[in-house]
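Chemist: For the sequence shown, UniProt numbering assigns the number 1 to the initial residue and increments by one for each residue that follows.
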Amino acid sequence: MNKFAMEKICIIGGGIAGLTMALVLKKLGISFQLFEKSEAPNTRGAGILLANNAMQIYKNLGIGKEILLKGNIISKIHLTDNKFHPNSIQDLAYFEKKYNSYNISIHRSDLQNILVNNIGEDNISYGKELDTIDINNKTIIFKDGSIINYDYIIASDGIYSKIRQNLFPTAAIISAGQIAWRGISTISLPEKYAHISLEAWAPGARFGMNRLNENQSYWFLVADNDGSVFNIEYKNTLVKKFPLLAQELVFSTPTQNVYMDEIKELELLEQWGNNSIVLIGDAAHSMTPNLGQGACQAIEDAFILGELIQKYSINYGINKLFHYRNKKVKFIKNNSRKLGKISHWKNAQCINIRNYIMRALPDSFNRILVEKLFRLAKIDK
Ligand SMILES: Cc1cc2nc3c(=O)[nH]c(=O)nc-3n(C[C@H](O)[C@H](O)[C@H](O)COP(=O)(O)OP(=O)(O)OC[C@H]3O[C@@H](n4cnc5c(N)ncnc54)[C@H](O)[C@@H]3O)c2cc1C
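1. Cutting at 7 Å between CB atoms, please list the residues of its own chain near LYS320, excluding the five before and the five after it.
2. Where do the ends of the alpha helix (DSSP H) carrying THR80 lie?
3. Could you compute how far the alpha carbon of SER343 sits from the alpha carbon of PHE230?
4. Taking ALA17 as the reference, which of LEU111, LYS346, ASN52 has the closest Cα?
5. What number of angstroms, rounded off, separates the C-alpha of ILE147 from the C-alpha of ASP157?
6. Reducing DSSP to helix, strand and coil, say where TYR152 ends up.
7. Measure the CB-CB distance between LEU249 and SER228 and report whether it falls below 8 Å.
8. Quick one: is the Cβ of CYS296 within less than 7 Å of any heavy atom of ligand 1?
9. Note down the Cα distance separating ALA180 from MET260, rounded to an integer number of angstroms.
10. Measure the alpha-carbon distance for LEU245 versus GLY208 and round it to whole angstroms.
11. Unbroken beta strand (DSSP E) runs of length 3 or more, entirely within the segment 246-325: which are they?
12. Determine whether the beta carbon atoms of SER109 and THR43 lie at a separation below 8 Å.
13. Examine the Cβ distances between the segment 17-35 and the segment 160-172 and report whether three or more of them are shorter than 8 Å.
14. Quick check: the Cα distance between TYR102 and ILE11, rounded to an integer number of angstroms?
15. In the DSSP assignment, find the unbroken beta strand (DSSP E) run with VAL32 in it and report its ends.
16. May I have the straight-line CA-CA distance separating ALA205 from THR139, to the nearest angstrom?
17. By the three-class DSSP mapping on this structure, what secondary structure does ASP226 have?
18. Taking the Cβ atom as the reference point for each residue, do LYS70 and ILE114 lie within a distance shorter than 8 Å?
19. Identify every residue that forms a DSSP beta bridge with PRO86.
20. Using only alpha-carbon positions, find the residue among VAL24, LEU19, GLY45 that is nearest to GLU36.
21. Determine the direct distance from the alpha carbon of LEU79 to that of ILE89, and round the result to whole angstroms.
22. Taking the C-alpha atoms as reference points, what is the distance between ILE196 and ALA295?
23. Closest by CA to SER125, which one among SER185, ALA22, GLU191?
24. Would you say the beta carbon of LEU49 comes nearer than 7 Å to a heavy atom of ligand 1?
25. On the three-state DSSP scale, how would you describe ALA180?
26. Kindly indicate which three-state DSSP category LEU198 falls into: helix, strand or coil?
27. If I measure Cβ to Cβ from LEU50 and keep anything under 6 Å in the same chain, skipping five residues before and after, which residues do I get?
28. I want to know whether the segment 330-347 touches the segment 278-295 - three or more CB-CB distances under 8 Å.
29. Where do the ends of the alpha helix (DSSP H) carrying ARG164 lie?
30. Can you give me the Cβ contacts of ARG337 inside the same chain, cut-off strictly under 8 Å, excluding the 5 residues immediately before and after it?
31. Name the DSSP bridge partner or partners of ASP131?
32. Measuring alpha carbon to alpha carbon, tell me which residue in LEU376, TYR193, LYS143 is nearest HIS85.
33. Tell me where the beta strand (DSSP E) around ALA205 begins and ends.
34. Pull the bridge partners of TRP345 from the DSSP assignment, please.
So this is what it looks like as structure tokens:
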């Protein structure tokens with residue numbers, strides 16, 4: 001009999017973290033049940049950049065090719081001024097070769113469909129919102145009144161995780177003081193931008209774009225939140241700080257399809273669970289999106305937890321995930337927050353110095369930083 005057959009593992013939350021976790025367990029032949037509060041798979045959403053580290057994992061899980069087919073390879077990252085003149089160009093060819101893996105931009109719903117199809121709907125229960133959890137009796141009570149027992153919970157219920165609120169009630173959610181608008185335009189980016197992720201910095205604002213496929217381009221805008229800009233229409237004013245192409249992408253996206261979010265992060269936790277519960281993804285370490293690593297780190301959590309379970313035991317994995325993951329997550333969270341602030345500098349002299357340094361930095365310097373993002377942890381035996 002499978003050594004895990006007697007244990008009841010519940011995944012709470014079917015976002016990128018929970019779905020990836022489900023796929024990891026399925027590949028390991030470990031039974032589980034995933035509970036998601038939405039009534040059905042989410043078919044909406046903007047774009048997402050899956051960096052090389054996330055794609056190494058998805059390749060390992062057997063869905064790399066499917067993602068590649070639906071998405072678009074990003075081989076360079078351009079950080080530019082507000083006229084799209086580059087201050088820094090990161091060529092990712094070195095990492096593509098080293099890890100035999102790519103950075104991919106993809107529509108979130110395409111990614112979700114690929115994950116759900118590969119997991120199979122049998123192990124996913126929709127319309128099941130966790131309401132309360134009784135840790136002493138290892139019991140979950142859902143909003144619909146149903147009650148189940150569990151042996152282990154993998155909590156992937158996002159930044160407002162109820163499970164985390166139960167375990168660590170004082171953990172604070174912190175505003176970054178910025179607002180993001182995101183959308184998908186049916187305007188295809190010109191060929192010269194086909195495989196570039198471009199992010200343009202203006203005082204107090206940012207614009208980013210990349211191609212998702214031949215018919216769709218993903219864009220985002222970010223602005224300092226001075227209290228007056230939390231308004232879906234403000235994107236139309238803000239985008240005028242950037243070239244015509246940016247304006248075309250934003251104006252061609254119906255406003256009802258634009259997502260507006262206040263950028264927030266969870267304070268750093270000192271533990272991610274207890275003996276039978278572990279938090280993963282945004283529930284454990286929601287971060288600002290400035291390095292495009294939030295979901296990638298959720299994917300790493302799921303993968304490393306799977307490795308620990310396979311090599312040791314569920315109990316060991318649940319208890320040790322934090323030990324294996326915390327250092328990298330902390331590094332990324334801190335640097336992402338700093339980058340978000342630096343990119344919005346308003347003082348002209350500071351901007352000139354910043355841009356000068358960015359242009360002067362050798363490729364080798366950037367490569368060391370990127371390596372820290374793309375290298376996956378090794379599990380010691
Ligand atoms: C503007 C912006 C841009 C971003 N861009 C990128 C990017 O390019 N690359 C990248 O890697 N990351 C990016 N991120 C971060 C990324 O979106 C998140 O880190 C990632 O989606 C987190 O996934 P998750 O599964 O942990 O949480 P979530 O996506 O929040 O999923 C949580 C799931 O749990 C469910 N749930 C919640 N409560 C309950 C409950 N009580 N019972 C049952 N189910 C429940 C929810 O319905 C949801 O499905 C970006 C974030 C933002 C804000």
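The beta carbon of each residue, even a glycine, is placed where N, CA and C say it ideally should be.
Modeler: So, to answer that:
1. Closer than 7 Å at the Cβ level, and outside the excluded window around LYS320, lie LEU308.
2. THR80: not part of any alpha helix (DSSP H); member of the beta strand (DSSP E) spanning 76-80, first to last residue.
3. Roughly 20 Å separates the two Cα atoms.
4. Closest by alpha carbon: LEU111.
5. One alpha carbon belongs to ILE147, the other to ASP157, and they sit about 18 Å apart.
6. DSSP, reduced to helix, strand and coil, places TYR152 within a strand of the structure shown.
7. Going by C-beta atoms, LEU249 is not nearer than 8 Å to SER228.
8. Result yes, Cβ under 7 Å from ligand 1.
9. The alpha-carbon atoms of ALA180 and MET260 are separated by roughly 6 Å.
10. Taken atom to atom, the span from the alpha-carbon of LEU245 to that of GLY208 is near 11 Å.
11. Runs of the beta strand (DSSP E) inside the segment 246-325: 259-266, 277-279.
12. Result yes, Cβ atoms of SER109 and THR43 sit closer than 8 Å.
13. With a cut-off of 8 Å on Cβ pairs, the segment 17-35 is not in contact with the segment 160-172, counting fewer than three such pairs.
14. Here the alpha carbon of TYR102 sits roughly 28 Å from the alpha carbon of ILE11.
15. The sequence as given places Phe at residue 32; Val does not occur at that position. No beta strand (DSSP E) holds PHE32; DSSP gives it neither H nor E.
16. CA-CA distance, ALA205 to THR139, rounds to 46 Å.
17. Note: ASP226 maps to coil in three-state DSSP.
18. Between LYS70 and ILE114, the C-beta gap is smaller than 8 Å, which places the two residues in contact.
19. Looking at the DSSP output, PRO86 shares a beta bridge with THR80.
20. Per the C-alpha coordinates, the member of VAL24, LEU19, GLY45 positioned closest to GLU36 is LEU19.
21. Their Cα atoms are separated by approximately 6 Å.
22. The alpha-carbon atoms of ILE196 and ALA295 are separated by roughly 20 Å.
23. Per the Cα distances, ALA22.
24. Taking 7 Å as the cut-off, the C-beta of LEU49 counts as close to a heavy atom of ligand 1.
25. Assignment of ALA180 by DSSP, reduced to helix, strand and coil, places it in the strand class.
26. In this structure, LEU198 counts as strand in the three-state DSSP scheme.
27. Here the set comprises ILE104.
28. Here the segment 330-347 makes contact with the segment 278-295; the two share three or more CB pairs at distances below 8 Å.
29. Run containing ARG164: 162-167, per the alpha helix (DSSP H) assignment.
30. Within its own chain, the residues whose Cβ lies closer than 8 Å to the Cβ of ARG337, once the five positions on either side in sequence are excluded, are ALA176, GLU265, MET287, THR288, ASN290, listed in chain order.
31. Answer is none; ASP131 lacks a bridge partner.
32. Ranking LEU376, TYR193, LYS143 by Cα distance to HIS85 puts TYR193 first.
33. For ALA205, the uninterrupted beta strand (DSSP E) segment begins and ends at 205-213.
34. Partner(s): none; TRP345 has no beta bridge.
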